[in-house]
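Enquirer: Residue numbers (our numbering), protein chains in the order written: chain A, 10 to 268; chain B, 331 to 734. Using N, Cα and C, we set each Cβ at its ideal position, and we do this for glycine too. Bear in mind that the values here come from a model prediction, so they are computed numbers and not experimental data. What follows is a single structure, and I will ask about it in a moment.
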Amino acid sequence: MTLLTNAFSKPHPALVCFITAGDGDTAANLDALVAGGADVIELGMPFTDPMADGPAIQSANLRSLGAGTTTADVLQIAYEFRERHPDVPLVLMGYANPMVRRGPEWFANSAKGAGVDGVICVDIPPEEDEALGPALREQGIAPIRLATPTTDAARLPSVLQGSQGFVYYVSVAGITGKQQAAQDSIEQAVAALKAQTDLPIAVGFGVRTPEQAGAIAKVADGVVVGSALVEIVGEYGAEAPAKLQELTSALAEAVHTAR
Amino acid sequence: MNTQPNSFKNQPDDRGHFGEFGGRYVAETLMPLILDLEREYRAAQADPEFAREFDDLLEHYVGRPSPLYHAERLTEALGGAQVWFKRDELNHTGAHKINNCIGQILLAIRMGKTRIIAETGAGQHGVATATVCARFGLPCVIYMGAEDVKRQSPNVFRMKLLGAEVIPVTSGGATLKDAMNEGLRDWVANVHDTFYIIGTAAGPHPYPEMVRNFQSVIGTEARAQMLDRVGRLPDLLVACIGGGSNALGLFHPFLDDPDVKMLGVEAAGHGLDGDEHAASLLGGSPGVLHGNKTYLLQDEDGQITEGHSISAGLDYPGIGPEHAWLKESGRVEYTAVTDKEALDGFQLLCRTEGIIPALEPSHAIAAVADRAKEMSEDQIILMNLCGRGDKDIFTVAEKLGVEM
């Protein structure tokens, strides 16, 4: 059993929380997410050109890079998190270039050394899997793929092929932190995914409130919240951990009791 | 790669790879659309009616074929090889960009798309896109870095006159790469009705191949004109490179002519020894950005760094993937020219030929000046004069210390 499998084997749906590494006191912020009840952590790797992200996460990327965050820093944050929280799965999320800069094997090795459980790379679709996927699987790190409203039935098998850990369903065709998808479209999409895979399905993009998260958790195995948390980091700085824990607790309550 | 391919024209492969470069590094939301675009493009390529319409618009709307011109006074001033220009600066809208825009908007219409978006740096591609959108009555949104909006206000006004909405992009460094990020964000949110007209031979497959093919009209015409006028092929082709579409347009039809050498000219800005340049091939390294693997300006962690050039059309931190492949295969030689050398080239052409070139091809002129002197009088250099300089006179005046 991997940590990711454990997280999705609990008797309730999982809350997946995203923040950007190096934006604010990341260790304290991550601890607050865990204290609030996050089941899985997504740690964003900052990139100069986050083209799939909306304004909130774009700003977080720039704040982090502006503070001088390096790839080594991100890996160190992950390593220290793993030391403090041996049972909470940690997923790195980001863009291809910082991941493949020193070669996919280097990245997979380093991520393994830092105790990373999975990797979500926004701009490596299955067609370019060779660029990173084999190196991750070799190290036992789950390559977590994204499925979207534009992923049609014909294409879905190729997305699921080689995907591990969970499937991240991007509920809106758009960028992070913007509008939320209609509940019935999420239900249909999750059903379509479940018909083709045994992997857990986590739904994200545009999920901001406990009400939204609870509604999605009725049908999905996990709910991803990112921009709403990242905005707190941006707004509250040193005071962010308390605010993060507050929101995470409310989200966790809604997600964990949805069914 | 040690083995030479049988043909340099057989790239990319069916997955859009030029050797190890190119590909389709996009978010899953866009992937089905990219595949759809490729299918539609293949169908268009096989449809004589598409080619007929493209050719007709190039002839009667753009003004093709563009002249092939023997620059005798420049040749005399340089003392060496004969210099000839392919005069794509005489196209409607003043640059080669329109060739590609005509092709892509015909494809957009064929796909039933009802809204066009594009990114622009200097504004030339934005103007060309706004032009074809006006011509075909489609709404047009142009993303332009806020810094570039300030630097290129005449082109912003041109786009608005043509009915386009120009959205200043303030994220990141507020220049061309940020405009492209914003274009991709728009596209990902509006995939159902929107066509993204990418301005250079970069981005996810099939864009690099498609843009190259639309621009290849430059080299196809030039090759025939050269054979017609002097009865032989040129010895050296020269073109400037930002993303690289004008250079590929000239080079591609000659790639399998082994006696024709080729020189691509990047922007060295303040010099390749510092980090104030835009020479992705000579001063960068391979990486993944904006849908393709190619040479990029980046730091050791893979963070993208800002390019610098006097020419806003060249200061993009990447380059089309086919150029990355042509560099590694050795078929094309690449060099770089500084801001100052480009300014000298600009003035040289004004005075010897009565042509005010854009700052982008002024880089190529500087390289031509360099090479011509080393070649004999019976040799021929063919350069793509890919844009005219009206847009640049304010920049040049400022650099020369002239109050306007």
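Looking at the unbroken beta strand (DSSP E) that takes in B:I446, where does it start and where does it end?
Expert: Note, B:I446: beta strand (DSSP E), R445 to T450.
Enquirer: Are any of the Cβ atoms in chain A nearer than 9 Å to that of B:Q341?
Expert: Output row for B:Q341: interface = no.
Enquirer: Taking the CB atoms as reference points, tell me whether B:A552 and B:N336 lie closer together than 9 Å.
Expert: No.
Enquirer: Anything in chain A within Cβ reach of B:Y355, meaning under 7 Å, just list it in chain order.
Expert: In chain order: A105, D132, I133 and E137.
Enquirer: Is B:I432 near B:F544, with beta carbons less than 9 Å apart?
Expert: Yes, Cβ-Cβ distance for B:I432 and B:F544 is below 9 Å.
Enquirer: Comparing the C-beta of B:N332 with each C-beta of chain A, is any distance below 9 Å?
Expert: Unreliable positioning characterises B:N332 in this predicted model, as indicated by a pLDDT of 43, which lies under 50. The coordinate reading is nonetheless provided below. Judged by the 9 Å Cβ criterion, B:N332 is not in contact with chain A.
Enquirer: How about A:F175: is its C-beta nearer than 9 Å to some C-beta of chain B?
Expert: With 9 Å as the cut-off, A:F175 does not count as an interface residue toward chain B.
Enquirer: Taking any Cβ of chain A, which residues in the region 501-518 of chain B have a Cβ under 7 Å from it, in chain order?
Expert: Answer in chain order: S501, G502, K507, N511, L514, R515 and V518.
Enquirer: Are the C-beta of B:L612 and some C-beta of chain A separated by less than 9 Å?
Expert: No, B:L612 does not count as interfacial toward chain A.
Enquirer: Just to confirm, are A:G127 and A:D82 a CB contact at a threshold of 9 Å?
Expert: Result no, Cβ atoms of A:G127 and A:D82 do not sit closer than 9 Å.
Enquirer: Rounded to a whole number of angstroms, what is the C-alpha to C-alpha distance between B:A376 and B:G503?
Expert: Approximately 41 Å, taken between the alpha carbons.
Enquirer: Does the distance from the C-beta atom of B:K729 to that of B:D645 stay below 9 Å?
Expert: For B:K729 and B:D645, no; Cβs fall outside 9 Å.
Enquirer: Compare the beta carbon distance of B:G353 and B:P651 with 9 Å and say whether it is the shorter of the two.
Expert: Yes, they are a contact pair.
Enquirer: Relative to chain A, which residues along the region 354-381 of chain B have a C-beta separation below 7 Å, given in chain order?
Expert: Against chain A - using a Cβ distance shorter than 7 Å - the residues of the region 354-381 of chain B are R354, Y355, V356, A357, E358, T359, M361, P362 and L363.
Enquirer: How far does the alpha helix (DSSP H) with B:H400 in it extend, from its first residue to its last?
Expert: Looking at the DSSP string, B:H400 is not in any alpha helix (DSSP H); the run it does join, the beta strand (DSSP E), is L398 to H400.
Enquirer: Give the secondary structure of B:G685 by DSSP, where H, G and I count as helix, E and B as strand, and everything else as coil.
Expert: With the sequence shown as reference, residue 685 of chain B is identified as Ile, and Gly is not the correct amino acid for it. Here B:I685 sits in coil by DSSP.
Enquirer: Determine, using beta carbons only, whether A:G186 comes closer than 9 Å to chain B.
Expert: Answer no: the Cβ-Cβ gap between A:G186 and chain B never drops below 9 Å.
Enquirer: By alpha-carbon positions, which one of B:V547, B:F584, B:G574 and B:C570 ends up nearest to B:L563?
Expert: Checked all of B:V547, B:F584, B:G574 and B:C570; the closest Cα to B:L563 is B:F584.
Enquirer: Is B:K623 close to chain A, meaning its C-beta is less than 9 Å from at least one C-beta of that chain?
Expert: Answer yes: the Cβ-Cβ gap between B:K623 and chain A drops below 9 Å somewhere.
Enquirer: Below 7 Å on C-beta distance, what does A:G183 contact in chain B?
Expert: What A:G183 touches in chain B: V518 and A519.
Enquirer: What residues in its chain sit with their C-beta under 6 Å from that of B:A694, if we drop five residues either side in the sequence?
Expert: So the list reads V568, A569, C570, V595 and M713, once near-sequence residues are dropped.
Enquirer: Compare the C-alpha of B:P469 against each of B:K480, B:G493 and B:V486 and name the closest.
Expert: Closest option to B:P469, Cα to Cα, is B:G493.
Enquirer: To the nearest angstrom, report how far apart A:D96 and A:T11 are at their CA atoms.
Expert: Their backbone Cα atoms lie some 10 Å apart in a straight line.
Enquirer: May I ask you to report which of helix, strand or coil DSSP gives A:A30?
Expert: Coil.
Enquirer: Could you check the C-alpha separation between B:L626 and B:K721 for me, to the nearest Å?
Expert: Distance between the alpha carbons of B:L626 and B:K721 is about 27 Å.
Enquirer: Between A:M108 and B:S692, what straight-line distance do the alpha-carbon atoms span, to the nearest angstrom?
Expert: Whole-angstrom Cα-Cα distance: 37 Å.
Enquirer: Buried or exposed, going by whether 16 or more other CB atoms sit within 10 Å of the CB of B:H390?
Expert: It counts as exposed.
Enquirer: Roughly how many angstroms separate the alpha carbons of A:S172 and A:L202, rounded to a whole number?
Expert: Answer to the nearest angstrom: the Cα atoms are 13 Å apart.
Enquirer: Using a beta-carbon distance cut-off of less than 9 Å, what residues from the region 35-68 of chain A approach chain B?
Expert: Listed by position, the residues of the region 35-68 of chain A near chain B (Cβ gap below 9 Å) are P55, F56, T57, D58, P59, M60, A61, D62, G63, P64, Q67 and S68.
Enquirer: Between B:G637 and chain A, is the shortest Cβ-Cβ distance under 9 Å, so that the two count as touching?
Expert: B:G637 does not count as touching chain A.
Enquirer: Is B:L387 closer than 9 Å to B:L420 when the C-beta atoms are compared?
Expert: No. Outside cutoff.
Enquirer: Between B:A598, B:G601 and B:D565, which lies nearest to B:P588 when the distance is taken from Cα to Cα?
Expert: Taking only the C-alpha atoms, the option nearest B:P588 is B:D565.
Enquirer: Would DSSP call B:C570 helix, strand or coil?
Expert: Residue state, collapsed to three classes: strand.
Enquirer: Who are A:A23's beta bridge partners in DSSP?
Expert: Paired residues: A:G231.
Enquirer: Name the two residues that bound the continuous beta strand (DSSP E) containing B:M713.
Expert: I710 to N714 is the extent of the beta strand (DSSP E) around B:M713.
Enquirer: Which word fits B:R701, buried or exposed, when buried means at least 16 other C-beta atoms lie within 10 angstroms of its C-beta?
Expert: Buried is the call here.
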